[in-house]
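Residue numbers (my numbering), protein chains in the order written: chain A, 1 to 368; chain B, 1001 to 1359. By construction, the Cβ of each residue, glycine as well, lies at the ideal position given by its N, Cα and C atoms. These numbers come from a predicted model, not from an experiment. Everything below concerns the one structure shown next.
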């Protein structure tokens, strides 16, 4: 402590790292002069484990990547596996998937919004957000049978059909969702302190954003209107009206605006899916589970999807056996986190928590 | 000394306390029994003040928990006692039972002393608050001409306890918290004192009781509104309250200067915070809102009502604001509060010169 520069280990056990991120920070007073994120504390070998079993078995590991948005993770895997194994999916299953993924995106963004408030020094929004997230979870629970890790999508469809009761639940939830969310977002937008602290904080320019491979809300907050749902549509996103929110500033405040607008748009998508949901099978009857483990796939496939954190996809290589030869996870949080030093250095230590939480990293996905 | 003298002197002390002149053995100066009588009275008063502070803390913590839970759509403590009212007692017992951990590398003496440096001045501060003016006795523990100066002196000690605690615990977060506490301390203290001086100029006295009596027509918040705002903000900074809870900001510096503290040592910091909130509310009510002055009800009730409103306002602020950044707080202190408090000083000098008779 004799030196002017103090080195502080921010984490891995720290209230505002949201998991097990460790950032080696060098401080000159309150100002960060060097920041080095160190990861690997939640490494669970998901890729290798997935390469050791049949294709459908990988799904439970995929579930646990971004545990805040497990269905979005499953979607990335299922789409990729279906392309590789050449499995057709009935129309109704695609629409159900779209609805579920958007619901889970809302739940994930609610976690982010609540913990973001916590990091900015206010406890109350955390409870409001978790209250609203709980409503989404009730719906997901009704449809899938579990609350956090669903294992619901299957190669060739979904595991169970949506019931009229669950559709009714979604309708009642949608009727006041926008109102409730607006109430919560006003806590942030109308707070003088919040705006003063986040505008111009954690800035990452568009060029940097692209060169670091940052995707998702952070990219859109930096000025690029890039959403895989719009730009490379999968499922039936091309048949649905929704806007891609974007901001120019590229700071914490812009990211907050983008994420909140995304939640509104997700609710819009869910409402449209409810109208358009076709009748029919919810899974491809040709492929029962015993059938799926016998499919021997060759070739490679990668379908990028827009997860709440950014571009997520699984690169699969089949070598002609029933087990994937390569199972590579493209995880958005990992790429986003690589830009952390660029966003932290030069700012104050108080900005660090704001910036880190605005990146919304989930460490199941970073460390895999 | 036999029992008779002892009892006599207690009686003497009580009679003296009630301003009844009864001097049975005044032949050669003060007898020793008189000193003991004063001592007993003083000890009883100190115990009363401590009990009062503790009572306020217990009530405030309970109200705070329930209120916070209400704001946040929770239930709050609801298991122990009626509506969970005994939860704090259970918490205190739990904290006392805990292992007393002192970091190996810590400066042990300073580490032990720091919580008391935060807590004790707050309790001492309660002594100068006038709780009323019943015909026989002033309801305040100590009364002399410079009680407000005494209050200022005690208020300045607590941040030093925070700084010592943070530095002594040999923890980088603790050290950062201590440095923040020092920076914050300097930027709110000067405006706070200047706005206090404005009140003193208006009242023409350093005595808290006189300041209350000077507000019998108009509370000082009317001529001193600017000063009140400054004082209020400074108190928020002093109490390490959101939005100015920088030294112990949970999400940045794990717990700031209390990071290494656990068990009852942490509990003392915690209680010191709540007692300080109560004291700050009492002080604001006393110097800006007329203290115990008020119609119909007895003075003590008026003071409790006024201070209670401010405690609730503090709690409301605590659950409904984001935390400011350090440089923003320092900016506020040096660029806005300090010049404004000097402006306010001139305003009150003007009031005292040209409208002195009104107050």
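Can you tell which of B:1280, B:1229, B:1057 and B:1310 has the C-alpha that lies nearest to the C-alpha of residue 1154 of chain B?
-> Here residue 1154 of chain B corresponds to residue number 154 of the second chain, with the count starting at 1. The shortest C-alpha separation from residue 1154 of chain B is found at B:1280.
Look up residue 298 of chain A in the DSSP assignment and give the residues it is bridged to.
-> Stepping through the first chain from its first residue, residue 298 of chain A is reached at position 298. DSSP lists A:319 as partners of residue 298 of chain A.
On the premise that residue 347 of chain A lies in contact with residue 369 of chain A, defined as a C-beta separation below 8 Å, what is that separation, rounded to the nearest angstrom?
-> Look at the range of chain A in this structure, 1 to 368, and you will see that residue 369 of chain A is not part of it.
Taking only beta-carbon positions, decide if residue 1322 of chain B is within less than 7 Å of chain A.
-> For the purposes of this step, residue 1322 of chain B is taken as the residue at position 322 of the second chain. Yes, its Cβ sits closer than 7 Å to a Cβ of chain A.
Could you pull out every residue in the same chain whose Cβ sits closer than 6 Å to the Cβ of residue 39 of chain A, ignoring the five residues on either side in sequence?
-> Indexing the first chain from 1 puts residue 39 of chain A at position 39. Cβ within range, chain order: 366 and 367.
Whose Cβ in chain A lies nearer than 9 Å to the Cβ of residue 1393 of chain B?
-> Chain B is shown only over 1001 to 1359; residue 1393 of chain B falls outside these bounds and no answer can be derived.
May I ask you to list, following chain order, the residues of the region 347-363 of chain A that have a beta carbon less than 8 Å from some beta carbon of chain B?
-> 348, 349, 350, 351, 352 and 353
Return the chain-ordered list of same chain residues with a C-beta closer than 6 Å to the C-beta of residue 111 of chain A, the five sequence neighbours on each side being excluded.
-> Here residue 111 of chain A refers to the residue found at position 111 of the first chain. So the qualifying residues of the chain are 68.
Does any residue of chain B bring its CB to less than 7 Å from the CB of residue 41 of chain A?
-> Here the question's residue 41 of chain A lines up with position 41 in the first chain. Output row for residue 41 of chain A: interface = no.
One or two residues paired with residue 324 of chain A in a DSSP bridge | Counting from one through the first chain, the residue named residue 324 of chain A turns up at place 324. According to DSSP, which records beta bridges pairwise, residue 324 of chain A is partnered with A:318.
For the beta strand (DSSP E) that residue 22 of chain A lies in, which residues bound it at each end?
-> Working through the first chain from its first residue, we reach residue 22 of chain A at position 22. 22-28 is the extent of the beta strand (DSSP E) around residue 22 of chain A.
Give the single residue among B:1223, B:1215 and B:1208 whose Cα lies nearest to the Cα of residue 1368 of chain B.
-> Only positions 1001 to 1359 of chain B appear in the structure, and residue 1368 of chain B is not among them; the question remains open.
Spell out a yes or no on whether the region 1242-1261 of chain B and the region 1157-1176 of chain B are touching, meaning 3 or more CB-CB pairs, one atom from each, closer than 8 Å.
-> yes
Does the separation of the CB atoms of residue 252 of chain A and residue 358 of chain A fall below 7 Å?
-> For the purposes of this step, residue 252 of chain A is taken as the residue at position 252 of the first chain. For the purposes of this step, residue 358 of chain A is taken as the residue at position 358 of the first chain. Against a cut-off of 7 Å, the Cβ pair of residue 358 of chain A and residue 252 of chain A comes out as a contact.
Verify the CB distance criterion: does residue 214 of chain A have a CB-CB separation below 7 Å to chain B?
-> Within the first chain, residue 214 of chain A is the residue found at index 214, counting from 1. It does not; no Cβ of chain B falls within 7 Å.
Taking C-beta to C-beta, are residue 1111 of chain B and residue 1102 of chain B nearer than 7 Å?
-> Translated into positions along the second chain, residue 1111 of chain B becomes position 111. Translated into positions along the second chain, residue 1102 of chain B becomes position 102. Their beta carbons are under 7 Å apart, which means residue 1111 of chain B touches residue 1102 of chain B by this criterion.
Coarse secondary structure for residue 1345 of chain B, derived from DSSP in three states = Position 345 of the second chain, counted from the start, is the residue given in the question as residue 1345 of chain B. Correct three-state label for residue 1345 of chain B: helix.
Span of the alpha helix (DSSP H) holding residue 70 of chain A?
-> Start at 1 with the first residue of the first chain, and residue 70 of chain A comes out as number 70. Where residue 70 of chain A is concerned, the enclosing alpha helix (DSSP H) stretches over 70-85.
Measure from the alpha carbon of residue 207 of chain A to the alpha carbon of each residue in A:24, A:21, A:71 and A:224, then state which is nearest.
-> Here residue 207 of chain A is taken as the residue at index 207 of the first chain, counted from 1. Per the Cα distances, A:224.
Check the Cβ of residue 1326 of chain B against every Cβ in chain A and list those closer than 9 Å, keeping chain order.
-> Residue mapping note: residue 1326 of chain B aligns to position 326 of the second chain, counting from 1. In chain order: 30, 348, 349 and 350.
Between the region 1149-1172 of chain B and chain A, which residues of the former have a C-beta closer than 7 Å to a C-beta of the latter?
-> 1172
Taking residue 35 of chain A as part of the beta strand (DSSP E), name the residues at either end of that continuous run.
-> On the first chain, position 35 is the one that residue 35 of chain A refers to. Residue 35 of chain A -> beta strand (DSSP E) spans 31-38.
Cβ-based burial, residue 1297 of chain B [other Cβ within 10 Å; buried from 16] = Here residue 1297 of chain B refers to the residue found at position 297 of the second chain. With fewer than 16 other Cβ atoms within 10 Å, it is exposed.
Rounded to whole angstroms, what's the CA-CA distance from residue 188 of chain A to residue 345 of chain A? Just pull it up for me.
-> Position 188 of the first chain, counted from the start, is the residue given in the question as residue 188 of chain A. Position 345 of the first chain, counted from the start, is the residue given in the question as residue 345 of chain A. Cα to Cα, residue 188 of chain A sits roughly 25 Å from residue 345 of chain A.
Through-space distance from residue 1294 of chain B to residue 1135 of chain B, alpha-carbon basis | Taking the second chain and counting its residues from 1, one reaches residue 1135 of chain B at position 135. Taking the second chain and counting its residues from 1, one reaches residue 1294 of chain B at position 294. At residue 1135 of chain B, the pLDDT of 47 sits below 50, so the modelled position is not reliable; the number obtained from the coordinates is stated separately. Straight-line Cα distance between these residues: approximately 16 Å.
So residue 9 of chain A is in the beta strand (DSSP E); what residue range does that whole segment cover?
-> Looking up residue 9 of chain A in the first chain gives position 9. Here the beta strand (DSSP E) through residue 9 of chain A covers 5-10.
When you check each C-beta in the region 1247-1265 of chain B against every C-beta of chain A, which residues fall closer than 9 Å?
-> 1249, 1250, 1251, 1252, 1253, 1254 and 1255
Does the beta-carbon of residue 116 of chain A have 16 or more other beta-carbons within 10 angstroms, so that it is buried, or is it exposed?
-> Here residue 116 of chain A refers to the residue found at position 116 of the first chain. Buried, by the Cβ-count rule.
Out of B:1355, B:1149, B:1326 and B:1287, point me to the one whose CA is closest to residue 1303 of chain B's CA.
-> Position 303 of the second chain, counted from the start, is the residue given in the question as residue 1303 of chain B. Here the closest residue by C-alpha is B:1287.
Closest Cβ-Cβ distance between residue 1243 of chain B and chain A: below 7 Å?
-> Residue 1243 of chain B sits at position 243 when you count from the first residue of the second chain. By this cut-off, residue 1243 of chain B is an interface position.
Specify the secondary structure class of residue 271 of chain A as computed by DSSP and reduced to three states.
-> As a first step, residue 271 of chain A must be located in the first chain, where it is residue number 271. The answer is helix: DSSP assigns residue 271 of chain A an H, G or I state.
Comparing the C-beta of residue 1340 of chain B with each C-beta of chain A, is any distance below 7 Å?
-> Numbered from 1 along the second chain, position 340 holds the residue referred to as residue 1340 of chain B. So, not an interface residue.
Stretch pair the region 124-143 of chain A + the region 1323-1340 of chain B: three plus CB contacts closer than 8 Å | no
Work out the CA separation of residue 1330 of chain B and residue 1183 of chain B for me, nearest whole Å.
-> For the purposes of this step, residue 1183 of chain B is taken as residue 183 along the second chain, with counting starting at 1. For the purposes of this step, residue 1330 of chain B is taken as residue 330 along the second chain, with counting starting at 1. Their Cα atoms are separated by approximately 8 Å.
Reference residue 1130 of chain B, options B:1276, B:1147, B:1219 and B:1194, closest by Cα = Translated into the one-based positions of the second chain, residue 1130 of chain B becomes position 130. Of B:1276, B:1147, B:1219 and B:1194, the residue nearest in Cα terms is B:1147.
Do you know offhand how far residue 1241 of chain B's Cα is from residue 335 of chain A's?
-> One-based indexing of the second chain puts residue 1241 of chain B at position 241. One-based indexing of the first chain puts residue 335 of chain A at position 335. Going by the C-alpha atoms only, they are around 37 Å apart.
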